[in-house]
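> Chains as they are written, first to last, in our numbering: chain H, 8 to 326; chain R, 8 to 326.
Here you go, one structure.
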């Protein structure tokens, strides 16, 4: 049983409280507090040493990334960041590491306006859980459920940068140092698309952040919306560094490796002009990579025919 | 540096968002969503195998307790339970353990009306983080800050039951089996005082749940409120089993071992009649154990004089 099946099978039940607008199964849950002008978006992620980050990783990068993966979920809902909680399991209280971790954590918290409001500190294997809260106007949150046949599919920014950074750092791909630095930055310091997500409110019909790889995450939109998709590989936004490495690495780092923390979203044809209107405000760009179709599953085409990725997206309990 | 110092030193900063009514440093944080008729109380706790529960502990007990420690924090704020998120780090996907864990978790969730709204499942050392949300009328939450000289100090239920259960299970105290069973129940299945906490709204001036031991947790009220306390050991509510073990274990299990998940709260003299009025609704009882005084720190007296506990409350990073 895989990670998603495990949650579905053991823990997913219909919510009973009337305040719960959206429960398990999206980038964030949505709560409607009685009388409130904004709904709450709530999301949480855990990072484990040796699984999500390397042993010996710089504290500041770990702190930054532990928050970034949660902020990215808020971005995918179109939510405005509000506050977060930090659960820190530490083998020992290492002052230098903690100060470094704190600096990375607060650098992003300050950049997006998140207050630390609580948490827990325990002795144990190095692990970080962060729970982030944001707000969004009632009924406006971008969920995974709204994609319809005929919608265009977009991604923000460039795909595969973090994956390529990972491959370069571990020596599996060779690139000039000038090309490596931006890739490492994308791997260690992803840029959650908070402003982009909020700008997509009223434009996108569905959205998700790309944490597990484009195919896996787009797959969640398709499943939640009950639709299929066709993607055109030639439209995939990749960097010059990626093009330089393409012969070695192929398209899998951009399609299935994950850790990009870009947004993947769908836009009904009539709202494509509105998307063009806001796109000029964002340097990352919004790239049309394909379309939603009736049916199920995702077909990826390149110039010659169908493309079959070598591996599936990242999944903790996949056999 | 201890657990509390670590949070204060590295992570406590004044909140900037106007929605944050109460940040780091109480049983739960408080958020005021614009226009809402209720404030949100948010709390989180992490339980680690081998630290917070024994390796090999029954999944149902672990699931129950992981939620209970969070529900107890909501109780200490007088909040009504709303929803929770579950972060599960598992060495492997063990179906029998997961089903058992789920049953214990949902038994308590159903009893108090909490919806599971999200979470994360990762591969790693066995650890559970739960984040719980409740609601409370604006300005009514029971915090640690409101105790004043002259207030009486109360605890709900019996103290030291969980500690005695721990000592009995590990063979350090010998009791007849009929006396052990209720103690094990209190250790594995604490009863968060949700109804009691809500009934104390408008009566208690400050409140906390007893997770780290009465002296440590009352100490948090004293520090947050800028006051001191005197406790009378002879008034400490303990069970017949505790009295039977008193010669062996002394008062420390009731004062400093923790894991009771009872409430400790203060009541101004003029509201003591109101407390008596609601007390009849709760089988656990509310027990006057001393008074708040000007100054700082806690003096514990027994019949003969001052009592000095053998050890401090539980603290993960105490040297």
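Built from N, CA and C at the ideal position, the CB exists for glycine as well.
Considering only their Cβ atoms, is the gap separating residue 120 (chain H) from residue 291 (chain H) smaller than 8 Å?
In the first chain, the residue the question calls residue 291 (chain H) occupies position 284. In the first chain, the residue the question calls residue 120 (chain H) occupies position 113. It is not a contact, given that the beta carbons lie outside the stated cut-off.
> Report the residue ranges of all alpha helix (DSSP H) runs contained in full by the region 39 to 90 of chain H; include only those spanning at least 4 residues, in chain order.
Counting only runs of 4 or more, we get 66 to 84.
> Do you know whose CA, among R:274, R:232, R:293 and R:194, lies nearest residue 268 (chain R)'s CA?
Numbered from its first residue, the second chain carries residue 268 (chain R) at position 261. The option with the nearest alpha carbon to residue 268 (chain R) is R:194.
> Along the chain, which unbroken stretches of the beta strand (DSSP E) at least 3 residues long are found entirely within the region 216 to 258 of chain H?
For the region 216 to 258 of chain H, whole beta strand (DSSP E) runs of length 3 or above, ordered along the chain, are 235 to 239.
> Of the choices R:153, R:36 and R:71, whose alpha-carbon is the least far from that of residue 274 (chain R)?
Numbered from 1 along the second chain, position 267 holds the residue referred to as residue 274 (chain R). Comparing Cα-Cα distances from residue 274 (chain R) to each of R:153, R:36 and R:71, the minimum goes to R:153.
> Would you mind giving the Cβ-Cβ distance between residue 78 (chain R) and residue 115 (chain R), rounded to the nearest angstrom? I have them listed as a contact below 8 Å.
Taking the second chain and counting its residues from 1, one reaches residue 78 (chain R) at position 71. Taking the second chain and counting its residues from 1, one reaches residue 115 (chain R) at position 108. Their Cβ separation, rounded to whole angstroms, is 7 Å, which keeps residue 78 (chain R) and residue 115 (chain R) in contact under 8 Å.
> Can you list, in chain order, the residues of its chain whose CB lies under 6 Å from that of residue 302 (chain R), leaving out five sequence neighbours each side?
Locating residue 302 (chain R) in the second chain gives position 295, counting from the first residue. 235.
> Would you be able to state if there are at least three C-beta pairs under 8 Å between the region 65 to 85 of chain H and the region 65 to 74 of chain R?
Cβ pair count under 8 Å is below three, so no.
> I want to see whether chain R comes within less than 8 Å of residue 79 (chain H), judged by CB atoms only; does it?
To locate residue 79 (chain H), count along the first chain from 1; it is residue 72. No, residue 79 (chain H) does not count as interfacial toward chain R.
> Where does residue 103 (chain H) land, buried or exposed, given buried means 16+ other C-beta within 10 angstroms?
Against the first chain, residue 103 (chain H) aligns to sequence position 96. Exposed, because fewer than 16 other Cβ atoms sit within 10 Å of the Cβ of residue 103 (chain H).
> Against chain R, does residue 260 (chain H) count as a neighbour if the rule is that its beta carbon must be under 8 Å from one of theirs?
Position 253 of the first chain holds residue 260 (chain H). No, residue 260 (chain H) lies away from the interface with chain R (no Cβ there is under 8 Å from its Cβ).
> For residue 19 (chain H) and residue 300 (chain R), I'd like the C-alpha separation in whole angstroms.
Counted from its first residue, the first chain places residue 19 (chain H) at position 12. Counted from its first residue, the second chain places residue 300 (chain R) at position 293. So the two alpha carbons sit approximately 50 Å from each other.
> Using a cut-off of 7 Å between C-beta atoms, extract the partners of residue 26 (chain H) located in chain R.
Within the first chain, residue 26 (chain H) is the residue found at index 19, counting from 1. Result: 89.
> What does the Cβ neighbour count give for residue 23 (chain H), buried or exposed, with the cut at 16 atoms within 10 Å?
Counted from its first residue, the first chain places residue 23 (chain H) at position 16. When all chains shown are included, residue 23 (chain H) counts as exposed.
> Residues of the region 123 to 148 of chain R in Cβ contact with chain H at a cutoff of 9 Å, in chain order, please.
Answer set for the region 123 to 148 of chain R: 123, 124, 125, 126, 127, 128, 129, 130, 131, 132, 134, 136, 138, 140 and 142.
> Within 8 Å (strictly less), CB to CB, does residue 114 (chain R) reach chain H?
Position 107 of the second chain holds residue 114 (chain R). By this cut-off, residue 114 (chain R) is not an interface position.
> So which residues on chain A does residue 14 (chain R) lean against when the C-beta distance must stay under 8 Å?
Among the protein chains of the structure shown, namely H and R, there is no chain A.
> Closer than 8 Å by C-beta to residue 305 (chain H): which residues in its own chain qualify, once you throw out the five before and the five after it? Chain order, please.
As a working mapping, residue 305 (chain H) is identified with position 298 in the first chain. The residues are 222, 225, 226, 229, 235, 236, 237 and 238.
> Under 7 Å Cβ-Cβ, which residues of chain R neighbour residue 4 (chain H)?
Summary: the structure shown does not reach residue 4 (chain H), with chain H confined to residues 8 through 326, and so no result is reported for it.
> Quick one: Cα of residue 251 (chain H) to Cα of residue 118 (chain H), how far?
One-based indexing of the first chain puts residue 251 (chain H) at position 244. One-based indexing of the first chain puts residue 118 (chain H) at position 111. About 33 Å.
> By alpha-carbon positions, which one of R:178, R:124 and R:278 ends up nearest to residue 25 (chain H)?
Here the question's residue 25 (chain H) lines up with position 18 in the first chain. For the residues R:178, R:124 and R:278, the minimum Cα distance to residue 25 (chain H) belongs to R:124.
> Just checking my contact of residue 51 (chain H) with residue 137 (chain H) at CB under 8 Å: how many whole Å lie between their CB atoms?
Here residue 51 (chain H) refers to the residue found at position 44 when the first chain is read from its first residue. Here residue 137 (chain H) refers to the residue found at position 130 when the first chain is read from its first residue. With 8 Å as the limit, residue 51 (chain H) and residue 137 (chain H) qualify as a contact, their Cβ atoms being about 7 Å apart.
> If the cut is a Cβ gap below 9 Å, which residues of chain H does residue 109 (chain R) touch?
Working through the second chain from its first residue, we reach residue 109 (chain R) at position 102. Result: 17 and 18.
> Residues of chain R with a CB under 7 Å from the CB of residue 96 (chain H): which are they?
Sequence index remark: in the first chain, residue 96 (chain H) carries index 89 (1-based). By Cβ distance, chain R contributes 53, 55 and 134.
> Return the CA-CA distance between residue 286 (chain H) and residue 204 (chain H), expressed in angstroms with no decimal places.
Within the first chain, numbered from 1, the residue matching residue 286 (chain H) stands at position 279. Within the first chain, numbered from 1, the residue matching residue 204 (chain H) stands at position 197. Spanning the two alpha carbons is a distance of roughly 12 Å.
> Nearer than 7 Å: is that true of the beta carbon of residue 19 (chain H) relative to any heavy atom of the ligand NAP?
By its list of ligands, the structure shown contains no ligand whatsoever, and the ligand NAP lies outside what it can speak to.
> Counting Cβ pairs, one atom from each stretch, are 3 or more of them under 8 Å apart for the region 240 to 249 of chain R and the region 174 to 189 of chain R?
Taking 8 Å as the limit for Cβ pairs, the verdict is that the region 174 to 189 of chain R does touch the region 240 to 249 of chain R.
> 8 Å is my cut-off, CB to CB: does residue 42 (chain H) come that close to chain R?
Within the first chain, the letter at position 35 stands for residue 42 (chain H). Chain R contact via Cβ: present.
> Measuring only the C-alpha atoms, how far is residue 173 (chain R) from residue 61 (chain R)?
Translated into positions along the second chain, residue 173 (chain R) becomes position 166. Translated into positions along the second chain, residue 61 (chain R) becomes position 54. About 11 Å.
> Could you tell me whether any Cβ in chain R is nearer than 8 Å to the Cβ of residue 199 (chain H)?
Numbered from its first residue, the first chain carries residue 199 (chain H) at position 192. Closer than 8 Å: no.
> Flag this pair as yes or no: are the beta carbons of residue 35 (chain H) and residue 49 (chain H) separated by less than 8 Å?
Working through the first chain from its first residue, we reach residue 35 (chain H) at position 28. Working through the first chain from its first residue, we reach residue 49 (chain H) at position 42. Taking 8 Å as the Cβ cut-off, residue 35 (chain H) and residue 49 (chain H) qualify as a contacting pair.
> Which residue marks the beginning of the alpha helix (DSSP H) containing residue 123 (chain H), and which one marks its end?
Your numbering for residue 123 (chain H) matches position 116 in the first chain. That residue, residue 123 (chain H), is in no alpha helix (DSSP H); its beta strand (DSSP E) goes 122 to 130.
> What's the C-alpha gap between residue 177 (chain H) and residue 214 (chain H)?
Here residue 177 (chain H) corresponds to residue number 170 of the first chain, with the count starting at 1. Here residue 214 (chain H) corresponds to residue number 207 of the first chain, with the count starting at 1. If I take the Cα positions, the gap works out to 32 Å.
> Using only CA atoms, which one of H:86, H:38 and H:199 lies nearest to residue 75 (chain H)?
As a first step, residue 75 (chain H) is located in the first chain; it is residue number 68 there, counting from the start. Selected option, being the one with the closest Cα: H:199.
> Terminal residues of the continuous beta strand (DSSP E) containing residue 354 (chain H)?
As shown, chain H starts at 8 and ends at 326. That puts residue 354 (chain H) outside it, with no answer to give.
> I want to verify the contact list: residues of chain H whose CB lies under 7 Å from the CB of residue 240 (chain R), in sequence order.
In the second chain, residue 240 (chain R) corresponds to position 233, counting from 1. The contacting residues do not exist; residue 240 (chain R) stays about 31 Å from chain H at best.
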